[in-house]
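Counting from 47, one number per residue, gives the positions in the sequence shown under this note's numbering. Every residue gets a Cβ at the ideal spot worked out from N, C-alpha and C, and that includes glycine. Notes to accompany the following structure.
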Amino acid sequence: MTMKVEDLLVLLGKPSTNEKVRETLTALGIDMKKVRLKKGDFDVNVVAELYGIEIEFADPGKYKSTEPIPEGALVLGAVFISSTTISKLGPLPYGLEFGLTRELAASKLGKPVWSSPVAPIDRWLLDDHEVTIRFERTSLKVQRIIFSRPKQGA
47 MTMKVEDLLV LLGKPSTNEK VRETLTALGI DMKKVRLKKG DFDVNVVAEL
97 YGIEIEFADP GKYKSTEPIP EGALVLGAVF ISSTTISKLG PLPYGLEFGL
147 TRELAASKLG KPVWSSPVAP IDRWLLDDHE VTIRFERTSL KVQRIIFSRP
197 KQGA
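Structure follows, in structure tokens:
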């Protein structure tokens, strides 16, 4: 299956019971049995080994959902992408590339809505989801990108 980042972004905020979410996870080689919380946890991350993508499912109280969440279902809240992943997913949205510096990322995306005071991490709100970028400490080039739904109360 050819997977694009956009194919994953449209699933943000949808419940784990959503048919398209289930089909996509199966296509990514993720066993749906892994999409369950352990006692005391509020989220669970599953990895699509073939694509090197990490996907977070969370308790419905963590992220704003895009549709009603059935009892017992989790919300697909975030997709983590690293530089080793991108060759398997094609181009990133918003003109992002892993070679971009922090300054160039800001010139493409605008002023971040949040920047970490201690680590090279910036966050933008774009198209009803958050884009959080972690930059390498020395080169300040994009290291990891997290696409997520806004959190409840945000």
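Distance CB(residue i)-CB(residue j) smaller than 8 Å
{"i": "Ser128", "j": "Gly98", "result": "yes"}
{"i": "Ala104", "j": "Phe126", "result": "no"}
{"i": "Lys187", "j": "Leu138", "result": "no"}
{"i": "Ile115", "j": "Ala151", "result": "no"}
{"i": "Leu120", "j": "Leu96", "result": "no"}
{"i": "Gly169", "j": "Val177", "result": "A small correction: the amino acid at residue 169 is Arg; Gly does not occupy that position in the sequence shown. Taking 8 Å as the Cβ cut-off, Arg169 and Val177 qualify as a contacting pair."}
{"i": "Leu122", "j": "Ile101", "result": "yes"}
{"i": "Lys108", "j": "Lys197", "result": "yes"}
Expected contact under 8 Å - CB spacing of residue i and residue j to nearest Å
{"i": "Thr112", "j": "Gly59", "result": "4 Å"}
{"i": "Leu142", "j": "Lys154", "result": "7 Å"}
{"i": "Phe144", "j": "Leu55", "result": "Phe144 to Leu55, Cβ: 17 Å. No contact."}
Cβ-heavy atom distance, residue i to the ligand HEM, below 7 Å
{"i": "Tyr140", "result": "As far as ligands go, the structure on display features none, and thus does not contain the ligand HEM."}
Rounded separation between residue i and residue j - CA only
{"i": "Pro166", "j": "Glu182", "result": "7 Å"}
{"i": "Asp174", "j": "Pro158", "result": "15 Å"}
{"i": "Lys110", "j": "Ala124", "result": "11 Å"}
{"i": "Pro61", "j": "Ser162", "result": "30 Å"}
{"i": "Thr184", "j": "Gly118", "result": "43 Å"}
{"i": "Arg68", "j": "Lys79", "result": "11 Å"}
{"i": "Asp53", "j": "Lys85", "result": "31 Å"}
{"i": "Leu57", "j": "Glu149", "result": "29 Å"}
{"i": "Thr72", "j": "Val93", "result": "12 Å"}
{"i": "Thr130", "j": "Arg195", "result": "23 Å"}
{"i": "Leu172", "j": "Tyr140", "result": "9 Å"}
{"i": "Thr70", "j": "Trp160", "result": "31 Å"}
Residue interval of the beta strand (DSSP E) (run including residue i)
{"i": "Ser194", "result": "188 to 194"}
is_contact[residue i, chain B] using C-beta, thresh 8 Å
{"i": "Lys85", "result": "Looking for chain B here will not work: only one protein chain is present."}
Return the chain-ordered ranges of every alpha helix (DSSP H) run that is complete within the stretch 53 to 115 and spans a minimum of 4 residues.
Restricting attention to alpha helix (DSSP H) runs no shorter than 4 residues, the stretch 53 to 115 encloses them at 65 to 73, ordered along the chain.
3 or more residues per run - each beta strand (DSSP E) lying fully within the stretch 106 to 182
121 to 128, 167 to 172, 175 to 181
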